[in-house]
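Numbered according to full-length UniProt numbering, the sequence shown spans residues 1 to 253. Backbone N, C-alpha and C fix where the C-beta goes; we use that ideal spot for every residue, glycine too. From a predicted model like this one, the values you see are computed outputs, not experimental measurements. Here is the structure we will look at.
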Amino acid sequence: MSDPQYLETPQGRRIAWHRTEGQGPGVVFLGGFRSDMEGTKALWLEDWARKAGRAFVRFDYSGHGQSAGAFTDHCIGDWAEDAAAVLDALTEGPQVLVGSSMGGWIALLTARAHPERVAGLVTIAAAPDFTEDSMWAGFDDAQRAALERDGVVHLPSDYGEPYPITRRLIEDGRAHLVLRAPLHLPFPVRFLQGTADTDVDREVALRLLDHATGPDMRLTLVDGADHRFSDPDCLALIGESLEAVISRAARAG
1 MSDPQYLETP QGRRIAWHRT EGQGPGVVFL GGFRSDMEGT KALWLEDWAR
51 KAGRAFVRFD YSGHGQSAGA FTDHCIGDWA EDAAAVLDAL TEGPQVLVGS
101 SMGGWIALLT ARAHPERVAG LVTIAAAPDF TEDSMWAGFD DAQRAALERD
151 GVVHLPSDYG EPYPITRRLI EDGRAHLVLR APLHLPFPVR FLQGTADTDV
201 DREVALRLLD HATGPDMRLT LVDGADHRFS DPDCLALIGE SLEAVISRAA
251 RAG
């Protein structure tokens with residue numbers, strides 16, 4: 001594993017990144033909640049991009065992986081700012097965003113705020129608005145009281161230590177919801193979702209498809225695929241979806 005390079009964002013945060021040089025439109029991978037850029041999908045995409053001669057960037061949000069800061073000090077708005085900083089400083093021209101889980105939400109926020117920088121979008125088990133619709137909606141009275149009293153609650157995780165969920169994360173999430181207002185995606189979009197995903201229900205994918213508008217949107221449900229979406233068939237589908245988005249973006253001009 002090579003050492004990352006670091007970018008200081010306009011907000012003064014220090015985030016780690018790796019970049020593969022190549023032709024455009026480039027691909028930017030946006031990882032999930034408490035994930036990092038050394039995961040299976042990020043590294044597979046880097047290899048895919050290198051073989052295709054395609055520019056590629058992977059990075060860690062603030063408080064994630066090799067980037068600076070504590071996870072509990074950051075929130076959705078910070079991570080969206082990190083993504084915008086990466087686009088501005090490390091890429092040229094419109095990019096294809098690949099957003100996994102929370103990264104799907106970040107990709108949608110990026111597309112809404114900077115549509116001129118987005119050539120296309122591939123999401124994998126996208127989790128838009130999850131702080132409100134999954135976390136807050138699922139809290140019982142005791143958890144909500146603890147959040148108000150202590151500023152944090154801890155939720156069990158299938159991926160390791162319990163997740164610390166801060167009051168700031170929940171409150172900031174409400175300022176960045178994408179399923180409550182018009183969401184136009186004027187470029188090729190491919191939503192990918194596994195039917196055996198226990199973290200993001202397929203109804204979220206259907207709601208996103210129904211809510212967003214755009215000239216070229218498709219949802220693919222993969223029977224039996226889980227939230228990781230990282231077995232060989234799922235990875236191949238991500239690559240196929242990327243190729244389709246890039247091809248259709250080129251034809252669109």
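- If you check the CB distance, D129 and W105 come in under 8 Å.
- Here Q193 is buried, its C-beta having at least 16 other C-beta atoms within 10 Å.
- With a 10 Å radius around the Cβ and a threshold of 16 neighbouring Cβ atoms, H184 comes out exposed.
- One alpha carbon belongs to M217, the other to S241, and they sit about 11 Å apart.
- With contacts defined by Cβ atoms closer than 8 Å, T9 and E81 form a contacting pair.
- Ranked by Cα distance from D226, the first of A55, H114, S101, S134 is S101.
- Here R218 carries a strand assignment [DSSP, helix/strand/coil].
- Counting only residues of its own chain and dropping the five nearest sequence neighbours on each side, C75 has a CB closer than 6 Å to the CB of R168, L169, D172.
- With a 10 Å radius around the Cβ and a threshold of 16 neighbouring Cβ atoms, T198 comes out exposed.
- Closest in alpha carbon position to Q95, among L221, G224, S2, G24, is G24.
- Residue state for H74 is assigned as coil, using DSSP reduced to three classes.
- Counting only runs of 4+ residues, the alpha helix (DSSP H) found wholly inside the stretch 164 to 214 occupies 167 to 174, 202 to 211, in chain order.
- Going by C-alpha positions, L206 is about 27 Å away from A84.
- In this structure, DSSP gives S100 an extended state, which the three-state scheme calls strand.
- Two segments are said to touch when three or more pairs of C-beta atoms, one from each, lie closer than 8 Å; by this definition the stretch 50 to 70 touches the stretch 5 to 22.
- Counting only the Cα atoms, F29 lies some 16 Å from Q5.
- Counting other Cβ atoms within 10 Å of its Cβ, R149 stays below 16 and is therefore classed as exposed.
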